[in-house]
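To start, the structure itself, in structure tokens.
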Amino acid sequence: MFLINCPYCGVRDQSEFVSGGEAHIARPKQPTELNDDQWAEYLFMRKNIKGIQFERWNHVHGCRKWFNVARDTSNDKIEKIYKMGEQPPKI
Amino acid sequence: MSKNLRINNKQFVDETRKLSFVFNGKKLHGYKGDTLASALLSNGIHLVGRSFKYHRPRGIMTSGSEEPNAILQIGNDDALTEPNVRATEIELYDGLVCNSQNCWPSVKFDIGGINNFLSPLLPAGFYYKTFMWPANFWEKYEYFIRKSAGLGKSPTKQDPDMYDHRYIHCDILIVGGGVSGLIAAKIASDDNKKVLLLEDKELLGGSLIYDDSDISKIDDQKSSEWLKKLIDNIKKDQNITIKTRTSLAAYHNYNFLLARQNLTDHLSVSDRNNKIRQRLYKIRAKKVIISTGAIERPQVFHNNDRPGIMLASAVKKYIDYYGVRCGLENVIFTNNDSAYETALSLYKSGTKLNAIVDIRDNSSSEIVNQVKSLGIQIYWNHTIVDTKGYKRINKVTIMKLNDKGNDVIGKKIELNCDCLAISGGWTPMVHLFTQSGGKLRFDNKDNIFVPDKTNLDQLSIGSAKGDFELDEVLKNSIKDTKKFLQIENSNFDKINVKCSKEKEKKNIWLLPSDKPLSNTKPFLDYQNDSTAKDIKLALREGFKSIEHVKRYTTTGMGTDQGKLANMHALGIVADTTNTNMGDLGTTTFRPPYTPLTFGTIVGRNVGQFFDTFRKTPMHEWHVDKSAKFENVGQWKRAWYYPKDTETMHDAVQRESKAARESSGILDASTLGKIDIQGTDANEFLNRVYTNAWSKLQIGKCRYGLMLNEDGMVYDDGVTTKLGENHYLMTTTTGGAANVISKLEDYLQTEWPELDVFLTSVTDHYATACVCGPNAKKIINKIFKDLNLSDESFPHMSFKEVKLGNINCRIMRISFTGELSYEINVEASYGKYIWEKCIEAGKEFNITPYGTETMHLLRAEKGFIIVGQDTDGTMTPVDLQMDWIISKKKYDFIGKRSLYRSDTIREDRKQLVGLLTDDPNEILEEGAQIVKDENKKPVNMLGHVTSSYFSPTLKKSIALAVLKEGKQLKGQKLLVPMINKTIKVTVSDTVFLDKENERING
Ligand SMILES: [Zn+2]
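Residue numbers (the working numbering), protein chains in the order written: chain W, 51 to 141; chain R, 62 to 1062.
So, in structure tokens, the structure goes:
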């Protein structure tokens, strides 16, 4: 069970949060311009790497805010937590 | 059995407190302080069970949690009985009743024992190989396998005991209250840290506390005396919280740990009333120190499993701690110095030690010299090649080892014994370390796995880290703890330790016998009956990975997780395949370290506390009217209101008839409600719903369908425009929480530029929904000044009115097809407004109806229920709801997916109506629909999603999803059931009032 340092509330137990999958996948601004393959790329394709992964997390049983987490999937160590709209850190 | 097995020992066992207990129907005695195992041994009982596969007689082997054999059924009460309890761990109490497991009809005469003689026919993988096929015989095989396997019996009644959970936060958690853990606790406390110290036994001190010898000394005192003073200090220490009888069950990431404390299991049954039995601690520790010690290894030789064969350290503990002799004629078999401590304990207690058999060439350590000087016979460079005695060992045969240690030479010597104490060196208890994700390193010199890399703030000390001799245990524990806590000096820095043992040992994983291996039984895993032969067979058959070998031979798969077996299994694999043990890797240890009861895991979350449930403000009214409830998400919703002896069917027929013919009332408070405000609220609705919202007027309502980005229907509901920048959205009851999460996601991450605020107001309002041809008259009686004319208050519109001081939001919307008003009030007025409606509706036979009738009424109209008629694979087009997809809007969630190659397929499953040829035949929801049931394999075209008998139409109706359903209208299809095949015709989804005339009353 991780501890997650919500940028708005502070350190809380993992059970207060939900994970929203891979971060930094922006919804296309003009979906209708995309062909099936391009749309499928946005819709379905997600990385599942061993190592540092950038993820979205939501403090669903707290402030309800979404934020980004850089987590090492091999040991669940959280390297960095940063707000929505911020660029991923270089790790 | 008064064979003078009990030695006077006042320290840990209270001989003034005699306790009686029953083992396999026989009444026996022990004392306060005994474990069940020590009490059995003091009565001369070694044989306690039968092995799993061969049903060989097995005896108590250890004195701790690594015990593979002495696992018993405790208690014979249907509710309280507990299987698989280790006799070595359970403290004796007055009135304890226990029985052997895994033997029938009795432990002394066991029918399964025949497997022992058939054992050449039962090699590794026997079950896999034999019971493979023919496949349809499996059910017969399974019956016999289950009958002859099985460890113990589960209780069959509800557990009457109370369990508890508690959270603890601490600076330093120390697991294990032996000497190294105690020293670490004191160092941490002296540095003003908050320490939590866990010990799974009743007393602190580990194995040093009962060490009665003079050969090891700390600061010139007898080591046990020195330790007692330290314990006294620690008990007074305000910084240290001690939990005894508490075993660590699981070590998770981020130093989150679970520990189980036994609070009443050691008490006599009559003293347990109204007390919490076990408590689960959920611990968050800043730092963790693991000082769980080590367990002694057995040695692997022919017939090494007879009752009376025990670990040397256990024999010593039974004498020194419990004052119990395990045998009257003892032989020790060892490969290292530590068994010589057992020799001294036997000697000191006046117990006969016939000989020591040591596979080493010699040892000149102080302790060995001391034993030599006592005149005890030592056979150096000898090994045991066989043992005798069926239900209790009575003889060992030894021979000299050759130079390589892989064969025996010379002549056989026979030694008499009724107890054989074996020692194969020590294995650090690294289970918790590996559970926490730590990586082990193999130490080639000592043949042990030791903790290596970890990502957590943790430290292993003492024997758990691979230090076995007292001097190195103490000195390294002090040094490592100081470094771990970043402390310069401690009160232990000048400690002076005198140790008389040496570390030298000779390691032979599989000892040779004069017989060929194929004729021997050198056991590795006592509980699962796997032998060295099985490992070699698995290797010959091509299994290479240790994880595969383990599963194929079932080595280490028992309730002890192979605490005794794993090292030898690895060693034999390494020797046979000529591999370095470190390269094989070790098997993974999984939580719990020792088994937990279900009671401990669930704690207080039982019965009504298993999950929270939500009640509407009108709940008590429904209860008063004997409503039956159904769970929708966490809500308790009124399902139907049976009168007198009505069945559900009867009640639903009556309720729905009333709603269609006069008036009905539904508690709709559970619908999800989201308050939406902000200057971009309208744009937001345009983006999240498929239809257009721009032209919606204040005071109007609109139905919306929400998709996922993949184009599949996610939720639906009516949204009302309350003001220029203010909307009230309703969602399905079950979907409310997910919908607001999803909307927040888009707002915060994709469209942060939108000025929109969402607030969940589901619990803030209660909703009474009055429907039916007389609904208008009823509402008019309550709200006398309200103009209810269709011009002033048309369908899909909203009015805000006052009833006295109560603000009421009334929506004229309908989920039944009838004229219908939904009155929303603040939750605290919910019951008031409900009763007001009931009172006003009395003359119109207003009838409360539940969710079942609601489902029937909407099905008659062909309205979908998201989650019942849809399952996450249905697009609006599949639902034949094309009308709700805006063609004008450039984008909305899911729009692009509606013309992916897959979503435009013509042969997708589509929502249709079904009518049974026999109007009285009601289809089962979930039933499959086929065209031809004779052509195999039968092609499934779809399934029934909703099905009811409509009292208004006087026939059965159903909704279904059907491949190419849109094309199949009028077609005859089949619904095969177990005993019959039902003929159906595909129809339109709207069964009643296709012209929508009822909506105006
Ligand atoms: Zn937060």
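Glycine is no exception: its CB is placed at the ideal position from the N, C-alpha and C atoms. Predicted model only: the values in this text are computed from it and were never measured.
Which residues in chain W sit within 7 Å of residue i, going by Cβ to Cβ distance?
| i | result |
| --- | --- |
| R969(R) | Within 7 Å Cβ-Cβ: nothing; R969(R) doesn't reach chain W, min ~16 Å. |
| S802(R) | N108, V110 |
| E770(R) | L93 |
| D816(R) | Those do not exist, as D816(R) stays about 16 Å from chain W at its closest Cβ, beyond 7 Å. |
| Y315(R) | M51, F52, L53 |
| G498(R) | N125 |
Could you work out which residues of chain W lie near residue i, taking near to mean beta carbons separated by less than 8 Å?
| i | result |
| --- | --- |
| R961(R) | D86, W89, A90 |
| G739(R) | Those do not exist, as G739(R) stays about 16 Å from chain W at its closest Cβ, beyond 8 Å. |
| Q809(R) | K115, W116, M134 |
Chain W partners of residue i, CB-CB under 9 Å?
| i | result |
| --- | --- |
| S958(R) | P81, W89, L93 |
My understanding is that residue i touches residue j, with C-beta atoms under 8 Å, so please give their C-beta distance in whole angstroms.
| i | j | result |
| --- | --- | --- |
| C56(W) | H111(W) | The pair is not a contact, with the Cβ atoms about 11 Å apart (cut-off 8 Å). |
| G14(R) | F844(R) | No information on residue 14(R) is available, as it lies outside the stretch 62 to 1062 that chain R covers here. |
| L133(R) | D95(R) | About 15 Å separates the two Cβ atoms, so there is no contact after all. |
| W700(R) | G911(R) | 5 Å |
| I233(R) | K348(R) | 5 Å |
| G486(R) | N568(R) | 7 Å |
| K559(R) | S277(R) | 6 Å |
| P221(R) | T142(R) | The pair is not a contact, with the Cβ atoms about 12 Å apart (cut-off 8 Å). |
| V376(R) | D575(R) | V376(R) to D575(R), Cβ: 27 Å. No contact. |
| I248(R) | K543(R) | 7 Å |
| H916(R) | I926(R) | 7 Å |
If we count the other Cβ atoms within 10 Å of its Cβ and call it buried at 16 or more, is residue i buried or exposed?
| i | result |
| --- | --- |
| Q547(R) | exposed |
| R698(R) | buried |
| L435(R) | exposed |
| Y702(R) | buried |
| S730(R) | buried |
| K71(R) | exposed |
| Q714(R) | buried |
| G156(R) | exposed |
| R78(R) | exposed |
| K100(W) | exposed |
| T395(R) | buried |
| K262(R) | buried |
| H74(W) | exposed |
| K892(R) | buried |
| N334(R) | exposed |
| K1030(R) | exposed |
| F818(R) | exposed |
| Q1063(R) | Lying before the first or after the last residue shown, residue 1063(R) is absent from chain R, which here runs from 62 to 1062. |
| N477(R) | exposed |
Under 8 Å between beta-carbons, which chain R residues line up against residue i? List them in chain order, please.
| i | result |
| --- | --- |
| K130(W) | Under the 8 Å cutoff, chain R gives no residues; its nearest Cβ is about 16 Å from K130(W). |
| G135(W) | P813 |
Going along chain R, which residues have a C-beta under 7 Å from residue i?
| i | result |
| --- | --- |
| K127(W) | N516 |
| R114(W) | E805 |
| R121(W) | Under the 7 Å cutoff, chain R gives no residues; its nearest Cβ is about 11 Å from R121(W). |
Identify the contact partners of residue i in chain R, using a Cβ-Cβ distance below 9 Å as the criterion.
| i | result |
| --- | --- |
| R96(W) | The contacting residues do not exist; R96(W) stays about 13 Å from chain R at best. |
Ligand 1: which residues have Cβ under 5 Å from any of its heavy atoms, chain order? C56(W), Y58(W), C59(W), H109(W), G112(W), C113(W)
Which residues of the segment 61-74 of chain W have a Cβ closer than 7 Å to any Cβ of chain C? Give them in chain order. Although the question refers to chain C, the structure presented lacks it and instead comprises the protein chains W and R.
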